[in-house]
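From first to last, the protein sequence lines stand for chains A and B.
Mapping of the first sequence onto UniProt numbering: position 78 corresponds to residue 78, and the numbering continues sequentially without gaps.
Mapping of the second sequence onto UniProt numbering: position 130 corresponds to residue 130, and the numbering continues sequentially without gaps.
A virtual CB, placed ideally from N, CA and C, is assigned to each residue, including glycine.
Remember, it's a predicted structure, so these values are computed and weren't measured experimentally.
Below you'll find the structure, written out as structure tokens, and then a few comments.
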Amino acid sequence: MGVVMAVPRHVACVMDGNGRWAALRSLPRTAGHEAAEAAVMDVIEAARSSGVTWLSLYAFSTENWRRPAVEVDVLMRLVRRAIRKHAPVLHARGVRCRFLGMSDPRIPAPLVRDVADLMTLTRDNRRMTLTVAFDHGGRRDIVEAARSLIRSALPADQVTEASFAEHLPYSDTPDVDLVIRTSGEQRISNFMLWQVAYAEWIFPQVLWPDFRATHFRECLDAYRRRRRRFGDVGRTATTTGEGPR
Amino acid sequence: MSRTTPQESADVFGPDSILRRLVGQARWALPVVRATLLEAAHPQIGAALMEHSTFLTHPWRRLRNTATSARRILDPDPRVRDREVVRLNRLHARMSGTDAQGRPYDATDRDARAWVVATLFESTVTMCRLGGEVLDADAMRRLYDEHRTFLALIDGGSDRLPATLPEFWPYYDHVVEHRLENNEAVGVILYRLLADVPAPPALRARPELWVMGRSVAGPLATAIIVASLPESFSRRVALPDLPGARTLMRSTYLAAALATRYLPESLTRVETFMGLAGAGADPWASVRRQAGKAAALVRLLTPAAEDDGETVRSADRFFAEVLDQTGDGYLRWPDLAAMAREVATRLDLGEHDEERLFQAYAAWWRELQTALDGDGDGRVTRHEYAAAAASLPGSGLIKVADVLFDVTDADDDGAIDADEYHNLFRTAFQRDLADGGGTSYSRGAFVRQFVSFMSGQQHSSAYASLLSQA
């Protein structure tokens, strides 16, 4: 089991600390988002080369719409530019890209089109699946799944965890094994609530724009050490994270 | 025998029907296009085509529907055949009026129908001749009889076509020399349709490639058709006779005949190409998928344009792609009738449902006319539509959505399930971003989505493919 679990199958990152990174340098908050792009590309490459097959990134939550309109606007442009810039590389590296959420009409149409194009372009890739949670809310996904379940008119006593999960968006996504939340914040923030049920959480102090492949590998090492210790005392891999750190 | 009446139960074409075999072959498209041109030159048919047909804006859809219809009429099962005949007659009964010169026309005109079958017969014979195939006297007679049977099926009698082959040729020459005219429809087919033919759905994703290919293939196709027309017709219509065109035309027919004879049958069947025109699961699915990916990459690599004026453009595009089905730049009753016809064809509706659908569209048209036709000329211009589009969704449109829901909901369970959805849109359910997806559509959600799509407020790729597929 230790060998099988050596590399987490599904890693999720909550990309926190862009604003603080900018504030420390007396830059506008948007400069932090701009600097985040390099970290994103570094982590995607690190995850792919270490054998992680599912990577999820929390880019924008449903709550983020409350931020100043100018910042949201700049963020949308940045995402669009990043998609256009990196699409060929992602495709060449066999990364399948998917966007989770993306339902708000406030998302600019050109961005929606580019996102759709990126998903079309990469949909047959199998080396790694990158899920970008954009305009995402974990509770909303669960509510949507409930609605879809009710519409399917399944009798109440036949609803199981597995059959419920089939109604979640991208139901082929496996449970998250490891969540990395940068900048030392220790909250879930409504992120993929259903999928993180059994995840290990790691909270590095580094701010997201400074997060690099080395940090990512350190996190994978930390994950491996935790898992090995569980193995030593003979517990199953799906226990929740109350084990010794 | 001057009148062949369809028998109720038997396979009237016989098990070894020549026509049935030919209709299954992709090369039959050559005589069909040629025959269409000769039909268009007939005053009655030309007028009906110009007024009602969507072939200019949606040639691929039209081609697909025509091929499906012909195959159904030739179906050995008399129920399939009779149902299609009744449907065709209903469809054509709705097309009549007066042309630009004030002459009345009627799509159920019996002489016009006989002429349609005559051109098909003559074009098929031409295809065989140019393909180097021998049609002996017996085969020729059988082919002619099958065409007369075909006419008897759709028209109830075949007395408008000469009873025997020796009488047919003088009839044909007479019509070509005395009845046909150089009308607008001929010009449109020859010089606009082939030059501007939109990409078939399978290749829609690569418009730039299509435009480049078309600029070469369009004139070539025109040359091939022109070169194969009867000499006396070409002379009267003053069609260009370019050096090499005949050789090109002959090579094309010969190549099609050789391909049909020597290539594996699966490659030259019409189904293979129907897939290109966007019908169902097929060998082209992977081509479409690859083309979709390539186009996505091209779009992502093209420098991003700054995105202002997006909404204005999209209203214009919506008008051109969805509302103006006949492509004359105006919204008129034939446009809405074409939408109703396409939906009725896709769902294969019976008479009652079809009538309800047309009624609903007619009510919506009256509402549109009252609300939008500012100058009272019986048509709504792009500007009239754009000026009032926001205030549009009225009771007429909701009524259309309601009836559309009823007729799509084939099992009357009050919801549209995956199969019913597929029948209408030819795509699987998509996890729709706005509606959260799921496995069935309620009436409320369906009506809401239809109305917001038709009033141009919200894009829906499913409706767009239903109503704008060329």
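Not a single CB atom of chain B sits nearer than 8 Å to the CB of A/P155.
Non-local beta-carbon contacts of A/T122 in its own chain, meaning distances under 7 Å to residues more than five positions away in sequence, involve L90, H91, V95, R96, C97 in chain order.
The residue among B/E355, B/I416, B/A223, B/A67 with its C-alpha nearest the C-alpha of B/L190 is B/A223. Shown here for A/R84: same chain residues with a beta carbon closer than 7 Å to its own, the five before and five after excluded, namely D114 in chain order. By the CB criterion at 8 Å, A/L193 and A/R139 fall inside the cutoff. Among the residues of chain A, those whose CB is under 8 Å from the CB of B/L300 are I83, R84, A87, P88, D114, D117, L118, L121, following chain order. Interface flag for B/A418 against chain A is unset, since no Cβ pair is found closer than 8 Å. For the pair B/Y172 and B/E122, the CB atoms are nearer than the 8 Å cut-off. Not a single CB atom of chain A sits nearer than 8 Å to the CB of B/L22.
In the structure shown, B/M454 adopts helical secondary structure according to DSSP, grouped into three states. With 16 or more other CB atoms across the displayed protein chains lying within 10 angstroms of its CB, A/S183 is buried. Using a CB distance cut-off of 8 Å, B/L297 counts as an interface residue toward chain A. In the structure shown, A/E200 adopts extended strand secondary structure according to DSSP, grouped into three states. Sixteen is the threshold: when 16 or more other Cβ atoms of the shown chains lie within 10 Å of the Cβ of A/V11, as they do, the residue is buried.
Apart from the 5 residues on each side of it in sequence, B/S395 sits with its Cβ closer than 8 Å to the Cβ of E367 in its chain, given in chain order.
Assignment of A/S50 by DSSP, reduced to helix, strand and coil, places it in the coil class.
Cα atoms of B/A255 and B/L242: separation of roughly 21 Å, rounded to the nearest angstrom. Put simply, the segment 146-164 of chain B touches the segment 111-119 of chain B. At least three CB pairs are less than 8 Å apart. Taken through DSSP and simplified to helix, strand or coil, A/G101 comes out as strand.
Counting C-beta atoms within 10 angstroms of its own C-beta, B/D335 has 16 or more neighbours from the protein chains shown and is therefore classed as buried. Taking B/R192 as reference, the option from B/S96, B/L331, B/G327 with the minimal CA-CA separation is B/G327. Taking a C-beta distance under 8 Å as the contact criterion, B/Y105 and B/Q25 do not qualify as a contact pair.
Shortest Cα-Cα distance from B/Y441 to any of A/F211, A/S148, A/R227, A/I107 involves A/S148. Note on geometry: alpha-carbon atoms of B/P162 and B/A114 lie some 9 Å from one another.
At a Cβ-Cβ threshold of 8 Å, B/F453 and B/F405 do not count as neighbours. Residue environment analysis places A/R67 among the exposed positions, since fewer than 16 neighbouring C-beta atoms fall within 10 angstroms of its C-beta.
Under the DSSP assignment, A/P174 falls outside any beta strand (DSSP E); it carries neither an H nor an E label. Excluding five sequence positions before and after A/V176, the CB atoms of its chain that fall closer than 6 Å to its own CB belong to H10, A12, Q195, V196, A199, given in chain order. When rounded, the separation of the alpha-carbon atoms in A/G32 and A/W208 is 9 Å.
Counting along the chain, the unbroken alpha helix (DSSP H) around A/I142 starts and ends at 138-151. B/G327 has a beta carbon lying at 8 Å or more from every beta carbon in chain A. The shortest CA-to-CA distance from B/A199 to any of B/L397, B/S69, B/L135, B/T57 is the one to B/T57.
Per DSSP, the beta bridge partners of B/Q25 are B/R269. In this structure A/G101 is buried. Its beta-carbon is surrounded by 16 or more other beta-carbon atoms within 10 angstroms.
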